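Report on the structure given below.
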Amino acid sequence: MKVTVTGGRGFIGSHFVESALEKGWRVYDIDKMGYASHRSLPWDKDKNYTLTHGNISNIRHLPTCDIVVNFAAESHVDNSITNCAPFIESNVIGVHNLLELVRTKPKYKRPLFFHISTDEVYGDIAEGSFKENDKLNPSNPYSATKACSEMLINSYHRTYGLEYAISRSGNNYGSRQYEEKLVAKSISCLREGSKIPLHGDGSYVRDWTYVKDNVDGIMSIIEKGIINDCFNIAANNHFTNKEVVQAIVKKFNKTDAEIQYVEDRWGQDIRYSVDTSKITNATGWRPKHVGELNLDFIDEEI
812 MKVTVTGGRG FIGSHFVESA LEKGWRVYDI DKMGYASHRS LPWDKDKNYT
862 LTHGNISNIR HLPTCDIVVN FAAESHVDNS ITNCAPFIES NVIGVHNLLE
912 LVRTKPKYKR PLFFHISTDE VYGDIAEGSF KENDKLNPSN PYSATKACSE
962 MLINSYHRTY GLEYAISRSG NNYGSRQYEE KLVAKSISCL REGSKIPLHG
1012 DGSYVRDWTY VKDNVDGIMS IIEKGIINDC FNIAANNHFT NKEVVQAIVK
1062 KFNKTDAEIQ YVEDRWGQDI RYSVDTSKIT NATGWRPKHV GELNLDFIDE
1112 EI
């Protein structure tokens, strides 16, 4: 299998690259090496790995491959509220450019376009869980750009016959995550001896999915050869932000005194939840880390 990965130096992308290399796949990684990209990773000298510095919004070439997996994205909601322009450039214009690069290849050489999306495209839900055919109702600029990219992909499938797959995952956590995200930021604050900022009263509920479980779900779709479809991937670990921070504080043998409540942000969603029965029925995938957060990675070398 030859795979082109965009954003393979980032959080989820790097775990996918690691998994692909373990399977013996040939990996071409395109990454703009932004602020959240890792400069050094253990497989940098692997004979099956090639890194190219490039921005998906203006690259002009894709390697010959079987599949393009697009992880490259601006993803921090707070940043999108402050300035949405970089999100439009990466998450909309960048995806459009990738689609054009795939479309203009001879049909027999077109790779599958696998797009990594988010459960945030649905917006929030007070009770129950969203299914893949529910309407998209994004609440903030970040999720709006991700929903827009999905619409582009669907239009390229219907208009040009481009083959695709989309995954929508819950809130990922694990090693190599940039510290702007809640779990990584909490760990960083505790290590530095500073307070952990928590928006509002911390009651907002997210579905916390261990990154390796997400990657396993993505891999299951690829290896089953499923095309032109969309799947939710999540662990059904519904915890409030406060509960997550408290679990991390406990891991460090600290108390809630380490938490500092700060002003709530705009566009805050109350609760996220997605139904994952579709991917389980289609591929047999199930998350391995359920019922509690898997914080063992904190003790590992990142």
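Position one of the sequence shown corresponds to residue 812 (my numbering), numbered consecutively onward.
Every residue, glycine too, gets a C-beta built ideally from N, C-alpha and C.
This structure is a prediction, so every number in the text was calculated from the model and none was measured.
Compare the beta carbon distance of V1055 and L1104 with 8 Å and say whether it is the shorter of the two.
Translated into the one-based positions of the sequence shown, residue 1055 becomes position 244. Translated into the one-based positions of the sequence shown, residue 1104 becomes position 293. It is a contact, given that the beta carbons lie within the stated cut-off.
Taking the alpha-carbon of V888 as reference, which of E931, V903, N965, I1007 has the nearest alpha-carbon?
One-based indexing of the sequence shown puts residue 888 at position 77. The shortest C-alpha separation from V888 is found at E931.
Alpha carbon to alpha carbon, what distance is there between K942 and F924?
Here residue 924 refers to the residue found at position 113 when the sequence shown is read from its first residue. Here residue 942 refers to the residue found at position 131 when the sequence shown is read from its first residue. The alpha-carbon atoms of F924 and K942 are separated by roughly 22 Å.
Which ranges does the alpha helix (DSSP H) cover as unbroken runs of at least 4 residues, wholly within the region 823-895, from first to last along the chain?
With a minimum length of 4 residues, the continuous alpha helix (DSSP H) runs that stay inside the region 823-895 are 888-893.
Please report whether the beta-carbon of T970 lies at a distance below 8 Å from any beta-carbon of chain D.
In the structure shown, chain D does not exist; there is a single protein chain.
Can you tell me whether A896 is buried or exposed, with buried defined as 16 or more other CB within 10 angstroms of its CB?
If you number the sequence shown from 1, residue 896 lands on position 85. Looking at its Cβ environment, which holds fewer than 16 other Cβ atoms inside 10 Å, A896 is exposed.
Could you pull the DSSP bridge partners for K813 from this structure?
Locating residue 813 in the sequence shown gives position 2, counting from the first residue. Answer by DSSP bridge pairing, in chain order: R837.
In whole angstroms, give me the CA-to-CA distance for E829 and W854.
Translated into the one-based positions of the sequence shown, residue 829 becomes position 18. Translated into the one-based positions of the sequence shown, residue 854 becomes position 43. Rounded to the nearest angstrom, the two C-alpha atoms are 8 Å apart.
What residue range is occupied by the uninterrupted beta strand (DSSP E) comprising Q1071?
For the purposes of this step, residue 1071 is taken as the residue at position 260 of the sequence shown. It spans 1070-1073 - the beta strand (DSSP E) in which Q1071 sits, taken as one unbroken run.
Fully enclosed by the region 972-1010, which alpha helix (DSSP H) runs are 4 residues long or longer?
Segments of the alpha helix (DSSP H) lying fully in the region 972-1010: 993-1003.
If you drop the 5 nearest sequence neighbours on each side, which residues of the same chain put their C-beta closer than 7 Å to that of A1045?
One-based indexing of the sequence shown puts residue 1045 at position 234. Cβ within range, chain order: D930, S980, G981, D1018, T1020, V1085, T1087.
Would you list the one or two residues that DSSP bridges to I927?
Taking the sequence shown and counting its residues from 1, one reaches residue 927 at position 116. Answer by DSSP bridge pairing, in chain order: S978.
For the alpha helix (DSSP H) containing D1024, list its first residue and its last residue.
As a working mapping, residue 1024 is identified with position 213 in the sequence shown. 1022-1035 is the extent of the alpha helix (DSSP H) around D1024.
Nearest-angstrom Cα distance between K1089 and Y984?
Looking up residue 1089 in the sequence shown gives position 278. Looking up residue 984 in the sequence shown gives position 173. Cα-Cα distance, rounded: 23 Å.
Just the Cα atoms here: how many angstroms apart are I1113 and K916?
By one-based count along the sequence shown, residue 1113 stands at place 302. By one-based count along the sequence shown, residue 916 stands at place 105. Legend: pLDDT at I1113 = 41, less than 50; position of this residue unreliable, value from coordinates given subsequently. Spanning the two alpha carbons is a distance of roughly 38 Å.
Nearest-angstrom Cα distance between Y839 and D1012?
As a position in the sequence shown, residue 839 is number 28, starting the count at 1. As a position in the sequence shown, residue 1012 is number 201, starting the count at 1. Near 43 Å, if we compare the C-alpha coordinates of D1012 and Y839.
I977 and H907 - do their beta-carbons sit closer together than 8 Å?
Stepping through the sequence shown from its first residue, residue 907 is reached at position 96. Stepping through the sequence shown from its first residue, residue 977 is reached at position 166. Not closer than 8 Å, so no.
Does R1076 come out as helix, strand or coil in the three-state DSSP assignment?
Numbered from 1 along the sequence shown, position 265 holds the residue referred to as residue 1076. Note: R1076 maps to coil in three-state DSSP.
Going by other Cβ atoms of all chains shown within 10 Å of its Cβ, with 16 needed for buried, is D1027 buried or exposed?
For the purposes of this step, residue 1027 is taken as residue 216 along the sequence shown, with counting starting at 1. Buried: at least 16 other Cβ atoms inside 10 Å.
Which value, in whole angstroms, describes the spacing of the CA atoms of A1093 and S1031?
Locating residue 1093 in the sequence shown gives position 282, where the first residue counts as 1. Locating residue 1031 in the sequence shown gives position 220, where the first residue counts as 1. Rounded to whole angstroms, A1093 to S1031 spans 9 Å at the Cα level.
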